[in-house]
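Have a look at the structure below, then the notes.
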Amino acid sequence: MDIRRLVLWEGRYATYMSNDIFAATIEDQGDVLLELTSRALSGARINALALPYFRSTGESVESDPNGGWWQNLQSLYQAGGGYFSFQTDRGLSTDPYWILRRYGTEDEFGGVWRYSELKIRGDGGYKLGKIDMILPGQPVLYTAVRIENKGESELRASAAWHSMLGYPAIETGTMIQTSARCFTAYGMTQRESGVGRFRPGIVFDDLRHAPLARGGNADAGYIPAPTGTYDYIIGKIPERDEKAWIAVNNPRSQLIFFMLTPNRTEKDEDFLFPNADLAENFLGRMDAPWALYDGGVPEVMALTCGFNAGPKGTRNMVIPPGSSRMIYLANGFVSYDNPRIALGYSSTEFTDEGVVFKRTKSWAFLAIDHSFRAIRRQAEKVFSGDAEDAG
57 MDIRRLVLWE
67 GRYATYMSND
77 IFAATIEDQG
87 DVLLELTSRA
97 LSGARINALA
107 LPYFRSTGES
117 VESDPNGGWW
127 QNLQSLYQAG
137 GGYFSFQTDR
147 GLSTDPYWIL
157 RRYGTEDEFG
167 GVWRYSELKI
177 RGDGGYKLGK
187 IDMILPGQPV
197 LYTAVRIENK
207 GESELRASAA
217 WHSMLGYPAI
227 ETGTMIQTSA
237 RCFTAYGMTQ
247 RESGVGRFRP
257 GIVFDDLRHA
267 PLARGGNADA
277 GYIPAPTGTY
287 DYIIGKIPER
297 DEKAWIAVNN
307 PRSQLIFFML
317 TPNRTEKDED
327 FLFPNADLAE
337 NFLGRMDAPW
347 ALYDGGVPEV
357 MALTCGFNAG
367 PKGTRNMVIP
377 PGSSRMIYLA
387 NGFVSYDNPR
397 IALGYSSTEF
407 TDEGVVFKRT
417 KSWAFLAIDH
427 SFRAIRRQAE
437 KVFSGDAEDA
447 G
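If you want it as structure tokens, here you go:
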């Protein structure tokens with residue numbers, strides 16, 4: 057187990073966390089997850105996450121001599137990777153620097169962890185506290201976020217987690233599965249420019265049979281050769297399910313990316329995401345900086361997976377004054393050596409030790425604490441005010 061601080065660029069710092077099979081790198085600016093890495097069967101160490109070509113290395117848009125190129129959107133200045141998004145009328149949580157309060161090892165589960173904070177003061181103020189943890193022998197990054205309303209009126213916000221995946225973690229032939237159902241494709245917002253592949257506003261039950269804008273159906277759970285399209289799809293998570301998940305299987309490299317969040321709780325403080333979403337940008341965004349100029353040639357191909365509380369711009373999380381909410385997430389990335397799983401798997405089953413992806417008598421395995429027991433315990437220590445004894 058290893059945890060240490062890194063200097064990335066001038067004024068840009070990060071925390072590196074790893075065990076013997078897996079590593080994660082989290083930057084202070086926006087608290088963005090830059091690397092989620094596992095080793096492929098070929099021996100290469102692969103980052104599941106995409107960092108688009110236009111991602112900055114400067115300290116801020118305001119001080120960057122080319123700041124205007126990002127069109128005054130701070131979130132695009134550090135776009136990509138994996139990130140917790142909390143948006144209110146006061147702005148977006150990925151824009152400012154977060155403060156790393158402490159990091160180290162913990163004795164109960166043998167893991168490494170870090171704790172960071174973001175405070176927004178004044179009217180409509182709030183505090184975000186975020187714990188990230190890696191456990192021995194598990195290719196998974198666990199995250200817990202506490203949202204506290206520090207104001208005198210209710211706090212309305214939109215909350216989400218998104219992980220942008222890119223080559224070589226995804227490529228043509230990669231398959232997407234999720235526990236979500238009842239999908240809908242949404243049209244592009246005013247600031248987005250591109251061509252949609254799927255017809256917006258139509259509810260469909262199976263990701264494999266998504267209605268095309270030009271008629272007919274196509275498999276939205278299969279990554280084709282670049283189509284020059286961009287689609288944003290939301291699926292409802294069934295209330296009966298104990299867990300919500302998204303799995304992305306790359307058969308060529310024999311890699312599985314897995315995103316997980318609880319979908320059932322006995323604690324009033326826990327917030328459960330009602331939706332899973334997919335942004336399929338297959339060289340389909342023609343607005344800058346996704347293209348070099350508005351209307352230019354698209355430069356980015358990526359699949360963004362996430363959980364959210366509602367379509368873009370909505371404020372579906374409501375927190376009374378003096379109250380808080382907890383969110384738990386896990387991002388896993390693992391290779392498998394069974395070539396039959398590369399043909400696709402028919403079931404995703406949770407066992408005491410992790411998740412099994414099964415195809416008849418063949419299977420792949422991801423070791424994961426899907427009950428979030430370890431990070432819940434760490435969150436109890438940190439957020440109870442006993443942070444000095446949390447390590």
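In short: position in the sequence shown from 1, add 56, done, that's this note's numbering. Idealized CB from N, CA, C, for every residue including glycine.
If one requires a minimum length of 4 residues, no alpha helix (DSSP H) run lies completely within the stretch 77-107. Per DSSP, the unbroken alpha helix (DSSP H) holding residue 131 starts and ends at 130-133. Around the beta carbon of residue 61, fewer than 16 other beta carbons lie within 10 angstroms, which makes this residue exposed. With at least 16 other beta carbons inside 10 angstroms of its own, residue 231 counts as buried.
Distance from the CA atom of residue 286 to the CA atom of residue 220, rounded to whole angstroms, is 14 Å. An exposed status is given to residue 409, since fewer than 16 other beta-carbon atoms sit within 10 Å of its beta-carbon. About 16 Å separates the Cβ atoms of residue 329 and residue 303, ruling out a contact at the 8 Å cut-off. Of the candidates 365, 426 and 394, 365 places its Cα closest to the Cα of residue 217. Sorting 431, 432 and 402 by C-alpha distance to the C-alpha of residue 418 places 402 at the top. Here the C-alpha atom of residue 266 lies approximately 43 Å from the C-alpha atom of residue 155. Looking at the backbone, the Cα of residue 279 and that of residue 207 are separated by about 44 Å. Annotated as proximal: residue 314 and residue 387, with beta-carbon spacing under 9 Å. A Cβ-Cβ distance of about 24 Å is found for the pair residue 292 and residue 200, leaving them out of contact under the 8 Å criterion. Using a Cβ-Cβ distance cut-off of 8 Å, the stretch 333-345 and the stretch 383-399 are not in contact, since fewer than three pairs of beta carbons, one from each stretch, lie closer than that value.
Cβ-Cβ separation between residue 382 and residue 264: approximately 34 Å, too far for a contact (criterion under 8 Å).
In this structure, DSSP gives residue 439 a helical state, which the three-state scheme calls helix.
Distance from the Cα of residue 79 is smallest, within the candidate group 66, 324 and 192, for 192. Within its own chain, the residues whose Cβ lies closer than 7 Å to the Cβ of residue 433, once the five positions on either side in sequence are excluded, are 164, listed in chain order. Within the same chain, 319 come within 8 Å of residue 295 by CB-CB distance, once the 5 residues on both sides are set aside. In this structure, the beta-carbon distance from residue 372 to residue 214 falls below 9 Å. Here residue 390 is buried: its Cβ has 16 or more other Cβ atoms, across all protein chains shown, within 10 Å.
Look at residue 308 here: in three-state DSSP terms it is coil, with no helix or strand label. In this structure the stretch 74-88 lies against the stretch 134-142, because at least three pairs of beta carbons, one per stretch, are closer than 8 Å. By alpha-carbon distance to residue 188, the top candidate from 407, 171, 323 and 250 is 171.
Between residue 174 and residue 195 the beta-carbon gap is near 27 Å, outside 8 Å, which marks them as no contact. Annotation for residue 139: the continuous beta strand (DSSP E) segment containing it runs 138-144. Ranked by Cα distance from residue 146, the first of 168, 158 and 180 is 180. Per DSSP, residue 364 is one residue of the beta strand (DSSP E) stretching across 357-364.
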